[in-house]
Amino acid sequence: KQELLLEHALGVSESRRRTYCRRIDSEFMRRLEARRPKTLSDISRAWYGNATTSPSRYHHSRYAGLNLNALFFRGAFEFRYFNGTLHAGEVKAYIQLVLALAAKALKSKAASSKRRDFNPATAKYDMRVVLLGLGLIGPEFKTARLHLTKRLAGSAAWKGERRDRRTGGSHAHAA
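The working numbering puts the first residue of the sequence shown at 11, with every later residue one more than the last.
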């Protein structure tokens with residue numbers, strides 16, 4: 011649902027997105043909605059589009075940003091969106107994001123597959139709302155929020171242009 015926002019927040023280049031971390035297949039999403047899987051085996055059939063029960067390591071679907079081929083081959087899913095980094099704060103933010111996404115997926119009873127449009131003007135605010143919804147709230151996640159919103163435009167505190175609440179006017183002042 012928030013794949014486009016995540017791509018921008020994580021700085022995924024267009025060439026990398028086309029090659030190594032493609033967007034989640036819309037046919038997979040359609041099959042999920044139609045079948046409403048209850049087991050990992052059901053999800054596997056939706057992922058591969060058939061009854062494949064023994065996937066290969068090099069199946070073409072592994073080049074998705076969310077690599078579920080790794081789940082069916084190795085027992086662990088893989089996020090391929092992240093750029094290489096040695097920055098401790100970025101690594102920590104990436105780990106916290108993946109853990110929060112996994113926890114949300116495990117706790118959720120339902121999900122929406124409707125892909126949200128990306129709005130560059132409100133991207134920072136939108137990402138902040140996503141992070142708060144994932145539970146990345148409080149001072150212990152301040153670094154994660156910083157690194158996961160730093161590439162996005164706009165205000166993290168305001169959806170649109172900030173308005174002065176007292177006067178109802180724009181926050182900008184005439185000289």
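C-beta atoms are modelled at their ideal positions from N, C-alpha and C, and glycine is treated no differently. Because the structure is a prediction, the values reported are computed rather than measured.
Could you tell me whether the Cβ atoms of residue i and residue j are closer together than 8 Å?
i      : j      : result
Val108 : Phe82  : no
Ala19  : Met137 : yes
Leu111 : Leu141 : no
Lys102 : Thr153 : yes
Phe92  : Leu15  : no
What are the start and end residues of the alpha helix (DSSP H) that includes residue i?
i     : result
Glu24 : 24-29
Ile53 : 50-58
Asn79 : 79-84
For residue i, does the count of other Cβ atoms within 10 angstroms reach 16, so buried, or fall short, so exposed?
i      : result
Asn60  : exposed
Ser54  : buried
Ala98  : exposed
Glu17  : buried
Pro130 : exposed
Val22  : buried
Glu100 : buried
Pro149 : exposed
Can you name, in chain order, every residue of its own chain whose Cβ lies under 8 Å from the Cβ of residue i, other than the five neighbours on each side?
i     : result
Lys11 : Ala121, Ser122, Ser123, Lys124, Arg125, Arg126
Ile34 : Glu13, Ala74, Gly75, Leu76
Considering only residues of the same chain and omitting the five flanking positions on each side of residue i, which have a CB-CB separation below 6 Å?
i      : result
Arg72  : Asn79
Thr132 : Gly164, Lys169
Tyr58  : none
Could you name the residues of the same chain whose beta carbon sits closer than 7 Å to that of residue i, not counting the 5 residues immediately before and after it, in chain order?
i      : result
Ala166 : Lys134, Tyr135, Arg138, Thr159
Arg155 : Arg138, Leu141, Leu146
Check whether the segment 150-162 touches the segment 37-48, counting contact only when three or more Cβ pairs, one atom from each stretch, lie closer than 8 Å. The segment 150-162 vs the segment 37-48: no contact.
Three or more C-beta pairs below 8 Å linking the segment 25-36 and the segment 105-119: no
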